[in-house]
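*Asks:*
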Amino acid sequence: MLNGNALNRININQMETDAKIHILIPAFNEEKKISSVVSSLRNQGYNKILVVNDGSRDETGSVARKAGAEVLEMPINRGQGAALSAGLEYLQEKQNPDIIVTFDADGQHQPEDIEKLVTPLLEDKADIVLGSRFLGTDSQVPLARKAVLKAGIVFTNLVSGVKLSDTHNGLRALGRKAIHSIRISQRGMTHASEIIDEIARHKLKYEEVPVEIIYSDYSKAKGQRTSGFLKLGLKFIINKLSK
Amino acid sequence: MIVLKIATVLFIIYASSRVFLKFKEKSISREAIFFWLLIWAAILVFVFHPDLSNMIARFLGMGRGIDSVFFLSIVALFYLIFRLYVKIEQVDKDITTLAKNTAKALHELKNKKNPD
């Protein structure tokens, strides 16, 4: 349904748009997956792809460049929050984007879902749209991870007051207002909760749409260990208190 | 007891000299040298006037002088750890900002060299 051409007009839900849609992918040691992720996005018509290579020790940067992405190289590994923040700042300062879609580098997100995320922004129904793996009919989330994620959701909802069904999903679309107001200061994985805090702080209009997350053996091995989420919650509280 | 007193005094002299040295190297601030010397001076006072700790203990509503010394030490240690935590967080944030700015600056430089 989506076709890119030389002018980078994208057809979303039969709606032709000139909106400058940028895809932002933070990546750390993803040389095996990054090429297919970038290619699948390009095949869907998204040509403005920025990979932030977060100090990888492998060939992530050059592989992504070969696949056709622009690559911002972090000199040292600082975590996903820092990589996202660097990418957001760079795009905002240099490329004047209308929409920024954050996308994972490990292949668990589907380029077809971007359309669903972008539509509410184009229709001016939301400032930020978040992907949710729990809104869909049949989410294939492993049970242990589901339990921990649900606990994280209750916790984040209580702390921020923003009601969401999935708080740690890397697939999001930010419209202009969100791009210019959301600031990420937490460099690790706690940035996901921080974004929700920022939504509340700036009173952004938000929407959730169901997206498909494919848990391959690769992404499960690369992703966070389920036990790591407890540490994450603790770190988030400490950071909040010491602000 | 006298051996312990001598050892403590020697240690305090050593520690204070380190504080002065660090101040001379400008690796600690004027406030920090004041803080540390005050701590060592307080310990010195307690070594020679242990009865003072009993007075503080009575003031804090504790039974023994030594308990009040432990209590105050733990409070001081917690405070120090908190200060260290805040400092480390700040350094951590500074490093992140530095890394982000370096990434952006290098990228721009590269784009200027090979505009495409």
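Sequences listed follow chains A and B, in order.
Count along the first sequence from 1, add 19, and you get the number used in our numbering.
Count along the second sequence from 1, add 54, and you get the number used in our numbering.
No residue lacks a Cβ here, since even glycine has one placed at the ideal position from N, Cα and C.
Nearest CA to the CA of A6 of chain A: which residue from A:A102, A:I40 and A:S59?
*Replies:* There is no way to answer for residue 6 of chain A, as the model of chain A reaches only from 20 to 262.
*Asks:* Does the beta carbon of E49 of chain A sit closer than 8 Å to a beta carbon anywhere in chain E?
*Replies:* No chain E is present in this structure, whose protein chains are A and B.
*Asks:* So L134 of chain B contacts chain A; which residues on that side make the cut at Cβ distance below 8 Å?
*Replies:* Looking up residue 134 of chain B in the second sequence gives position 80. Simply none; closest approach about 15 Å.
*Asks:* Please go through the region 57-96 of chain A and give each complete beta strand (DSSP E) segment of 3 or more residues, from N-terminal end onward.
*Replies:* Segments of the beta strand (DSSP E) lying fully in the region 57-96 of chain A: 68-73 and 89-93.
*Asks:* Determine the contact status of D132 of chain A and G194 of chain A, defining contact as a CB-CB distance below 8 Å.
*Replies:* Position 113 of the first sequence holds residue 132 of chain A. Position 175 of the first sequence holds residue 194 of chain A. No, these two residues do not count as a Cβ contact at 8 Å.
*Asks:* Start and end of the beta strand (DSSP E) containing T175 of chain A?
*Replies:* As a first step, residue 175 of chain A must be located in the first sequence, where it is residue number 156. From DSSP, T175 of chain A is part of no beta strand (DSSP E) but of the alpha helix (DSSP H) over L162 to S179.
*Asks:* I'd like to confirm the pairing. Which residues does DSSP put opposite T209 of chain A in its beta bridges?
*Replies:* The residue labelled residue 209 of chain A in the question sits at position 190 within the first sequence. DSSP lists no partner for T209 of chain A.
*Asks:* Report the option in A:I218, A:R76, A:D125 and A:Y65 whose CA atom is closest to the CA atom of L149 of chain A.
*Replies:* The sequence position of residue 149 of chain A within the first sequence is 130, counting from 1. Cα-wise, what sits closest to L149 of chain A is A:I218.
*Asks:* 8 Å is my cut-off, CB to CB: does L160 of chain B come that close to chain A?
*Replies:* Here residue 160 of chain B is taken as the residue at index 106 of the second sequence, counted from 1. So yes, L160 of chain B belongs to the interface.
*Asks:* Output needed for K51 of chain A: all residues of its chain with C-beta closer than 8 Å, excluding positions within five of it in sequence on either side, in chain order.
*Replies:* What you label residue 51 of chain A is simply residue 32 of the first sequence in a count that begins at 1. Around K51 of chain A: Y237.
*Asks:* Using only the alpha-carbon positions, how far apart do I56 of chain B and K147 of chain B sit?
*Replies:* Position 2 of the second sequence, counted from the first residue, corresponds to residue 56 of chain B. Position 93 of the second sequence, counted from the first residue, corresponds to residue 147 of chain B. If I take the Cα positions, the gap works out to 49 Å.
*Asks:* Distance cutoff 8 Å, beta carbons only. Does F89 of chain B sit that close to anything in chain A?
*Replies:* Within the second sequence, residue 89 of chain B is the residue found at index 35, counting from 1. Closer than 8 Å: no.
*Asks:* At a cut of 8 Å, does the region 59-78 of chain A reach the region 180-187 of chain A through at least three beta carbon pairs?
*Replies:* Contact fails: fewer than three Cβ-Cβ distances are below 8 Å.
*Asks:* Can you give me the C-alpha to C-alpha distance between L21 of chain A and L134 of chain B, rounded to a whole angstrom?
*Replies:* Numbered from 1 along the first sequence, position 2 holds the residue referred to as residue 21 of chain A. Numbered from 1 along the second sequence, position 80 holds the residue referred to as residue 134 of chain B. Low confidence applies to L21 of chain A: its pLDDT is 44, below 50, so where it sits in the model is not reliable enough to give any reading.
*Asks:* Run through the DSSP bridge pairs and tell me what L43 of chain A is partnered with.
*Replies:* Translated into positions along the first sequence, residue 43 of chain A becomes position 24. DSSP output for L43 of chain A lists A:L69 and A:T121 as bridge partner(s).
*Asks:* Report the rounded CA-to-CA distance for S179 of chain A versus I215 of chain A, giving the unit in angstroms.
*Replies:* Your numbering for residue 179 of chain A matches position 160 in the first sequence. Your numbering for residue 215 of chain A matches position 196 in the first sequence. Near 7 Å, if we compare the C-alpha coordinates of I215 of chain A and S179 of chain A.
*Asks:* Is it the case that the Cβ atoms of V230 of chain A and A124 of chain A are separated by a distance below 8 Å?
*Replies:* As a first step, residue 230 of chain A must be located in the first sequence, where it is residue number 211. As a first step, residue 124 of chain A must be located in the first sequence, where it is residue number 105. Result no, Cβ atoms of V230 of chain A and A124 of chain A do not sit closer than 8 Å.
*Asks:* Can you list, in chain order, the residues of its chain with a C-beta nearer than 7 Å to that of L160 of chain B? Leave out the 5 residues immediately preceding and following it.
*Replies:* Indexing the second sequence from 1 puts residue 160 of chain B at position 106. So no residue of the chain qualifies.
*Asks:* Alpha carbon to alpha carbon, how far is L131 of chain B from S70 of chain B? Give it in angstroms, no decimals.
*Replies:* Mapped onto the second sequence, residue 70 of chain B falls at position 16. Mapped onto the second sequence, residue 131 of chain B falls at position 77. Between S70 of chain B and L131 of chain B, the C-alpha separation is close to 18 Å.
*Asks:* Any idea what DSSP makes of Y139 of chain B, helix, strand or coil?
*Replies:* To locate residue 139 of chain B, count along the second sequence from 1; it is residue 85. Helix.
*Asks:* Entirely within the region 212-237 of chain A and at least 3 residues each: give me those beta strand (DSSP E) ranges in chain order.
*Replies:* As far as the region 212-237 of chain A is concerned, its whole beta strand (DSSP E) runs of at least 3 residues are 225-229.
*Asks:* Could you compute how far the alpha carbon of I232 of chain A sits from the alpha carbon of F124 of chain B?
*Replies:* Numbered from 1 along the first sequence, position 213 holds the residue referred to as residue 232 of chain A. Numbered from 1 along the second sequence, position 70 holds the residue referred to as residue 124 of chain B. Approximately 54 Å between the Cα atoms of the pair.
*Asks:* Within 10 angstroms of its Cβ, does N168 of chain B collect 16 or more other Cβ (buried), or is it exposed?
*Replies:* Start at 1 with the first residue of the second sequence, and residue 168 of chain B comes out as number 114. So N168 of chain B ends up on the exposed side.
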